[in-house]
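In this note's numbering, the protein residues as written are 28 to 964.
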Amino acid sequence: MMKMNSISFAITVAIGSMPFTAFAQDDDNIEAVEKEIEVIQVTGSRIARTDMEGVDPVVVLSADDIAAQGHANVFDALNSLAQNTGQFVGEENSNNFNANAQAINLRGFGSGYTLTLINGRRIPVLPKPSSGLGGNVVNLAMIPTEAVKRVEILSGGASAIYGSDAVAGVVNVILKDDLDYTKATVRFGDTKDGGGQSKKFTFSTGGQLDKLSYTAVVEVDQRDPIYGSDRDWFDEPTDGPNVENHALPQAMSYWGRYEPNAWMLKDLSGRCEELGYESVQPGWLSDDSHGDPDPYLCGDNVYNTYTIRNSRDNVSAFVNLDYELDDGRLFATLIGTQSSADAGVGRYSYGVDYDVRTDINDSSTHQASRHAYRTFRNFEVPTSNQEYDETALIGIFGIEGLIADDYDYSVTFTASQYDYEDSIVRFDDQKMMSLLFGEKGVDWDQPWDGSRWVVVNESQLNDNFEPDSGIDFFGKLTPDMFNDATHESVGEGDSYLYSLVFDLTGTLVEMPAGDLQFAFVTEYTKEGYKFDTDEKTINGEVYGWSGISGDGERDRYAVAVELAVPLADYDSGIGFLEAKLAGRYDYYDDESGVGGAFTYQTGLSWRPIDEILVRGSYATSFRAPDMNYMYAGESSSFVSTTDYLTCAQNENLTIGQGWGDCSNDYGTGSIRQYSQGDLSLEEETGDSINIGFVVDITDDWSVTADYYEISLEKKIGSIGAGTVLRYEAECTLGFDQYGNTIDPNSAKCQEMVGRVTRGGKNGGVVSTVTSPFNTGMREQKGMDLSSSFNYEFERFGSIFFNLNYTHIFETNEKYLPEDEVEDIRDAQWNSEFRTHTTGTLGWYNDYLTLSLFANRLGSSPVATSDDPNERYDAWTRYNLNANYQITDSFSLTASVVNLFDEKPPQHESEEWWPFADISKYNAVGMEYFVTASYTFY
């Protein structure tokens with residue numbers, strides 16, 4: 028069951044060091060033990076306290092909750108949190124820029140704006156950043172599920188306690204430390220529609236040897252991929268809503284270029300069937316794009332090579348050790364995870380534009396311009412999915428004890444390392460052209476700098492100007508033909524984090540209303556990352572694939588103070604009133620412009636009676652730029668956007684005329700977008716407000732409500748190619764699309780025009796340069812509601828019910844300096860859910876537990892619809908879980924995830940595969956698990 032409360036069941040220092048024999052002593056000692064058990068520590072504060080609820084709203088998700096809700100791992104559980112309204116583009120869209128990662132996105136601010144901890148300590152980020160010039164995230168897939176005792180989630184700013192990144196919230200994964208048994212567990216899983224079969228084995232043990240207590244877990248988790256062909260609702264083009272696109276996608280096509288129109292389809296109908304393709308005349312082909320009287324291209328079903336969920340093989344080990352001292356303890360936590368995965372990212376393909384000449388050095392001998400394109404099946408080329416190999420190691424070592432019998436101290440050292448590699452085989456562009464056309468400089472050449480458009484001697488082509496000198500490009504192919512034309516693109520990286528933390532807590536002074544408690548913290552952290560893609564890929568020499576690089580490190584020093592100030596006790600007549608005051612200073616020793624940052628938090632909690640808590644807080648927050656934003660080397664990707672300058676010039680647009688129609692006829696085609704980091708970036712700064720209450724209506728029923736506001740200034744974003752080209756047009760013409768006058772000589776204009784490279788045969792856009800910037804802002808206002816109910820019948824077991832609901836009132840955002848602040852909550856392009864609801868209903872007795880979990884995603888915009896106000900209906904999935912304790916040692920569990928086999932919603936405007944947004948809506952369908960556990964006592 029999920030409980031919206033602040034209790035963390037954390038063991039205090041005194042209990043952790045108390046000998047077991049103490050429990051067999053006199054009544055006074057028993058009473059003292061009970062009082063110490065009530066002292067707890069909560070995420071969001073470093074001060075141990077006796078209250079179950081405090082200033083900061085914290086959701087606690089126990090290991091039993093994760094199991095009862097039917098979640099297969101930590102990521103699935105956190106992804107189902109009501110506060111997780113945003114989305115993260117992860118393994119369902121992994122490629123050369125998106126890593127095979129699992130991360131959450133609290134409040135929709137972005138995955139990097141949620142701080143993820145293990146046992147309250149920072150851990151290394153994934154070395155490969157998300158989305159190219161994007162941020163580094165913590166990969167939840169590397170946390171072994173069986174090692175988790177509970178997860179605490181604080182959904183609000185907490186930089187005054189934890190420093191950078193704690194903007195939208197904190198996720199603190201607490202690992203098991205108190206096992207006194209040995210257990211073996213086997214789980215088997217499968218999906219209703221096929222693919223995705225999984226097997227997991229875990230072995231956990233724990234006990235005590237004199238003064239040493241230990242807990243150890245080994246977990247082996249294997250999962251098969253799910254391909255597009257495994258789901259009959261998007262395995263064929265006819266599953267799409269647009270009838271014009273029901274023809275098979277193009278697998279092979281041949282085009283005339285600028286004869287007279289840019290794209291003129293030539294007929295391949297006599298070549299398709301003999302290769303196992305189908306002759307297709309696509310519905311989107313216009314009459315003025317016919318290069319032959321009745322042209323056909325070759326179509327094939329290419330969807331079977333894409334994975335909607337990747338394979339994954341994880342092996343994890345976890346050990347926790349506690350050694351009792353006379354006045355404290357030594358502790359160590361070790362975690363190691365090795366993961367390998369495989370992602371289907373689509374077929375090989377290759378396409379090339381070329382001019383046909385009788386002499387490549389004489390433009391007057393021009394004969395024709397052509398484009399040849401083909402995708403390749405597994406039996407035709409040396410195939411390769413994208414493969415991943417990852418290893419994470421984390422060690423947490425420390426000592427806790429007492430100073431002067433009054434103050435608790437701890438010294439903790441954390442050392443962690445993350446190693447990453449991905450690889451894929453694709454075509455070396457130059458070698459492929461030589462395979463098609465012959466010797467460069469003799470048979471073909473590239474006369475236009477920065478352009479792939481080539482010139483080819485007519486003698487190297489057949490009578491129809493098709494490539495066939497080295498291989499028949501439109502004929503039968505075998506893998507050995509390409510042995511000299513392929514290249515393995517490899518990305519390798521590592522990240523590390525070392526930290527040393529000293530904590531001191533205790534009573535500072537006695538006050539009339541109680542003890543003034545304090546926490547004092549000093550911290551030193553060193554972190555770094557490095558990611559390299561091979562030189563050919565970085566330089567753009569691999570067709571259809573590109574890579575990223577970066578290398579940097581930084582040191583951080585921090586000092587923080589937190590106070591819990593009792594202002595009134597229950598005898599005061601107004602109830603118990605307590606203030607929370609916290610301040611923290613972080614200093615970054617690196618090459619950025621961050622330097623130092625001070626954050627603070629103030630809060631009040633008031634209990635007029637025991638059953639009611641009213642709370643409110645204000646906190647400032649900051650986020651140092653991700654290291655990749657600062658240290659990213661020159662990387663590249665391929666994008667398609669609009670050439671605004673050519674549009675305005677060709678259409679003779681003048682000031683006051685809009686540019687809205689430019690995107691229809693002036694696409695750039697595929698151009699290269701270069702990007703790199705910026706060391707001048709500053710920290711993002713923000714604040715958060717929380718006002719709420721907790722009411723215990725009965726001993727079995729509680730209700731919680733919290734209103735929140737989170738804002739962030741100087742938010743880092745990236746200027747994309749489309750924005751750069753718009754700026755280029757404005758600065759060249761001297762006016763923008765809204766009729767405003769622009770100074771072409773301004774520093775901004777000089778920079779933006781210099782970011783665009785034009786060239787090639789027709790003087791079009793060849794490449795742009797993008798970079799991160801510090802000018803955005805984001806603010807969100809909303810409310811979290813929860814209710815928890817548990818009732819025990821005299822003879823018929825117990826029932827429980829939990830409901831959690833998040834509602835976004837406003838999301839205000841500004842992206843560029845010239846933009847107005849806009850409420851984007853209902854904007855068509857905003858993928859964030861404005862409501863998210865979860866609920867669990869269950870019944871249990873001594874032997875049997877039954878639970879039903881519901882996860883409802885509120886309505887969301889249809890991004891592809893012509894109607895900007897059209898929305899998908901709310902989407903709900905149910906998980907059913909049953910656990911039967913057959914004997915004291917043996918239990919069986921059955922779980923059905925997505926009980927009613929809900930499919931992602933589809934709309935008639937979703938024209939292209941997979942005909943739904945599978946980043947927002949899970950496309951797996953019904954999945955079931957059977958688990959057997961045996962415990963040795």
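By construction, the Cβ of each residue, glycine as well, lies at the ideal position given by its N, Cα and C atoms. The model shown is predicted, which means the values in this text are computed figures rather than measured ones.
Among Gly310, Tyr961, Ser729, Asn484, the one whose alpha carbon lies nearest that of threonine 392: Locating residue 392 in the sequence shown gives position 365, where the first residue counts as 1. For the residues Gly310, Tyr961, Ser729, Asn484, the minimum Cα distance to threonine 392 belongs to Asn484.
Residue from Val951, Asp894, Val730 whose Cα sits closest to the Cα of serine 815: Taking the first residue of the sequence shown as 1, we reach residue 815 at position 788. Per the Cα distances, Val730.
Cα separation between alanine 128 and asparagine 388? On the sequence shown, residue 128 is found 101 positions in, with the first residue counted as 1. On the sequence shown, residue 388 is found 361 positions in, with the first residue counted as 1. Each residue's alpha carbon lies about 49 angstroms from the other.
Report the option in Leu420, Phe492, Glu466, Glu568 whose CA atom is closest to the CA atom of leucine 524. In the sequence shown, counting from the first residue as 1, residue 524 sits at position 497. It is Leu420 whose Cα lies nearest to the Cα of leucine 524.
Arginine 822, buried or exposed, once every other Cβ within 10 Å from all chains shown has been counted against 16: Position 795 of the sequence shown, counted from the first residue, corresponds to residue 822. A residue is called buried once 16 or more other Cβ atoms fall within 10 Å of its Cβ, and arginine 822, having fewer, is exposed.
State yes or no: is the C-beta of proline 474 within less than 8 angstroms of the C-beta of serine 338? Taking the first residue of the sequence shown as 1, we reach residue 474 at position 447. Taking the first residue of the sequence shown as 1, we reach residue 338 at position 311. At a Cβ-Cβ threshold of 8 angstroms, proline 474 and serine 338 do not count as neighbours.
Three or more C-beta pairs closer than 8 angstroms, one from the region 369-388 and one from the region 481-500: is that the case here? In short, these stretches touch, since the Cβ pair count reaches three.
Let me make sure I understand the geometry here. Which of Ala174, Tyr693, Thr914, Trp572 has the alpha-carbon closest to that of glycine 378? In the sequence shown, residue 378 corresponds to position 351, counting from 1. The residue with the shortest Cα to Cα distance from glycine 378 is Trp572.
Classification of leucine 236 by the beta-carbon crowding that lies within 10 angstroms, buried from 16 upward: Here residue 236 refers to the residue found at position 209 when the sequence shown is read from its first residue. By the Cβ neighbour-count rule, leucine 236 is exposed, with fewer than 16 other Cβ atoms within 10 Å of its own.
Assuming leucine 292 and methionine 279 form a contact by the criterion Cβ under 8 angstroms, report the distance between their Cβ atoms to the nearest whole angstrom. By one-based count along the sequence shown, residue 292 stands at place 265. By one-based count along the sequence shown, residue 279 stands at place 252. Wrong, their Cβ atoms sit about 12 angstroms apart, outside the cutoff.
Can you have a look at lysine 155 and say buried or exposed, based on whether 16 or more other CB atoms are within 10 angstroms of its CB? Translated into the one-based positions of the sequence shown, residue 155 becomes position 128. Classification of lysine 155: buried, given that the 10 Å Cβ count is 16 or more.
May I ask you to report which of helix, strand or coil DSSP gives leucine 142? Position 115 of the sequence shown, counted from the start, is the residue given in the question as residue 142. In this structure, leucine 142 counts as strand in the three-state DSSP scheme.
Could you tell me whether the Cβ atoms of threonine 441 and glycine 422 are closer together than 8 angstroms? As a working note, residue 441 is residue 414 in the sequence shown. As a working note, residue 422 is residue 395 in the sequence shown. It is a contact, given that the beta carbons lie within the stated cut-off.
Taking DSSP as the reference, what is the three-state secondary structure of threonine 958? As a position in the sequence shown, residue 958 is number 931, starting the count at 1. Per DSSP, reduced to three states, the secondary structure at threonine 958 is strand.
Specify whether the region 818-834 and the region 792-805 touch according to this definition: at least 3 beta carbon pairs, one from each stretch, less than 8 angstroms apart. These segments do not touch.
In whole angstroms, what is the alpha-carbon distance linking histidine 863 and lysine 557? In the sequence shown, residue 863 corresponds to position 836, counting from 1. In the sequence shown, residue 557 corresponds to position 530, counting from 1. Each residue's alpha carbon lies about 37 angstroms from the other.
Round the Cβ separation of glycine 190 and alanine 546 to the nearest angstrom and send it over; I've been treating them as touching at under 8 angstroms. Against the sequence shown, residue 190 aligns to sequence position 163. Against the sequence shown, residue 546 aligns to sequence position 519. Actually they are not in contact, since the Cβ atoms of glycine 190 and alanine 546 sit about 14 angstroms apart, beyond 8 angstroms.
Whole alpha helix (DSSP H) elements within the region 623-697, 4-residue minimum: Those alpha helix (DSSP H) runs which fall completely within the region 623-697 and span 4+ residues are 654-658, 671-677, 689-692.
Can tyrosine 333 and aspartate 262 be called in contact, C-beta distance under 8 angstroms? Position 306 of the sequence shown, counted from the start, is the residue given in the question as residue 333. Position 235 of the sequence shown, counted from the start, is the residue given in the question as residue 262. Contact: no.
Using the Cα positions of proline 799 and threonine 410, report the straight-line distance between them to the nearest angstrom. Within the sequence shown, residue 799 is the residue found at index 772, counting from 1. Within the sequence shown, residue 410 is the residue found at index 383, counting from 1. Here the alpha carbon of proline 799 sits roughly 35 angstroms from the alpha carbon of threonine 410.
Count the other CB atoms, across all protein chains shown, that sit within 10 Å of the CB of asparagine 772; report buried if there are 16 or more and exposed otherwise. As a working note, residue 772 is residue 745 in the sequence shown. Classification for asparagine 772: exposed.
What is the rounded straight-line gap between the Cα of phenylalanine 230 and the Cα of valine 245? Here residue 230 refers to the residue found at position 203 of the sequence shown. Here residue 245 refers to the residue found at position 218 of the sequence shown. Those two C-alpha atoms are separated by around 5 angstroms.
Applying the 10 Å Cβ sphere with the 16-neighbour rule, what's the burial state of tyrosine 285? Residue numbering aside, residue 285 sits at position 258 when the sequence shown is read from its first letter. The residue in question, tyrosine 285, is exposed, as its Cβ has fewer than 16 Cβ neighbours within 10 Å.
With a threshold of 16 other CB atoms inside 10 Å of the CB of aspartate 207, please say whether the residue is buried or exposed. Against the sequence shown, residue 207 aligns to sequence position 180. Its Cβ having fewer than 16 others within 10 Å, aspartate 207 is exposed.
Tell me the rounded alpha-carbon separation between lysine 947 and aspartate 91. On the sequence shown, residue 947 is found 920 positions in, with the first residue counted as 1. On the sequence shown, residue 91 is found 64 positions in, with the first residue counted as 1. For lysine 947 and aspartate 91, the gap between their C-alpha atoms comes out near 27 angstroms.
DSSP state of valine 270 mapped onto helix, strand, coil: Along the sequence shown, read from residue 1 onward, the residue named residue 270 stands at position 243. Per DSSP, reduced to three states, the secondary structure at valine 270 is helical.
What span of residues does the beta strand (DSSP E) with glutamate 537 cover, start to end? Reading the sequence shown from its first residue, position 510 is the one you call residue 537. Unbroken beta strand (DSSP E) run through glutamate 537: 513-538.
Which term fits valine 536, buried or exposed, when burial requires 16 or more other beta carbons within 10 angstroms of its beta carbon? Stepping through the sequence shown from its first residue, residue 536 is reached at position 509. So valine 536 counts as exposed.
Reference aspartate 714, options Tyr734, Ser738, Gly696, Thr112, closest by Cα: To locate residue 714, count along the sequence shown from 1; it is residue 687. The candidate whose alpha carbon is nearest that of aspartate 714 is Ser738.
Below 8 angstroms between beta carbons: does that hold for leucine 144 and asparagine 199? Locating residue 144 in the sequence shown gives position 117, counting from the first residue. Locating residue 199 in the sequence shown gives position 172, counting from the first residue. For leucine 144 and asparagine 199, yes; Cβs fall inside 8 angstroms.
For aspartate 340, tell me which candidate among Gln224, Asp382, Thr141 has the shortest Cα-Cα distance. Within the sequence shown, the letter at position 313 stands for residue 340. Taking only the C-alpha atoms, the option nearest aspartate 340 is Gln224.
Is glutamate 897 helix, strand or coil when you go by DSSP? Residue mapping note: residue 897 aligns to position 870 of the sequence shown, counting from 1. Looking at glutamate 897 - three-state DSSP - the assignment turns out to be coil, as it is neither helix nor strand.
Inter-residue spacing [alpha-carbon to alpha-carbon] between asparagine 166 and valine 152: The residue you call residue 166 lines up with position 139 of the sequence shown. The residue you call residue 152 lines up with position 125 of the sequence shown. Using only the alpha carbons, I get a separation of about 7 angstroms.
List the DSSP bridge partners of asparagine 906. The count along the sequence shown starts at 1 and reaches residue 906 at position 879. In the DSSP output, where bridge partners are listed per residue, asparagine 906 has Phe880.
Would glutamate 519 and glutamate 448 be called neighbours here (beta carbons separated by less than 8 angstroms)? In the sequence shown, residue 519 corresponds to position 492, counting from 1. In the sequence shown, residue 448 corresponds to position 421, counting from 1. Contact flag set, yes.
Residue range of the beta strand (DSSP E) that includes glutamine 413: In the sequence shown, the residue the question calls residue 413 occupies position 386. Run containing glutamine 413: 413-430, per the beta strand (DSSP E) assignment.
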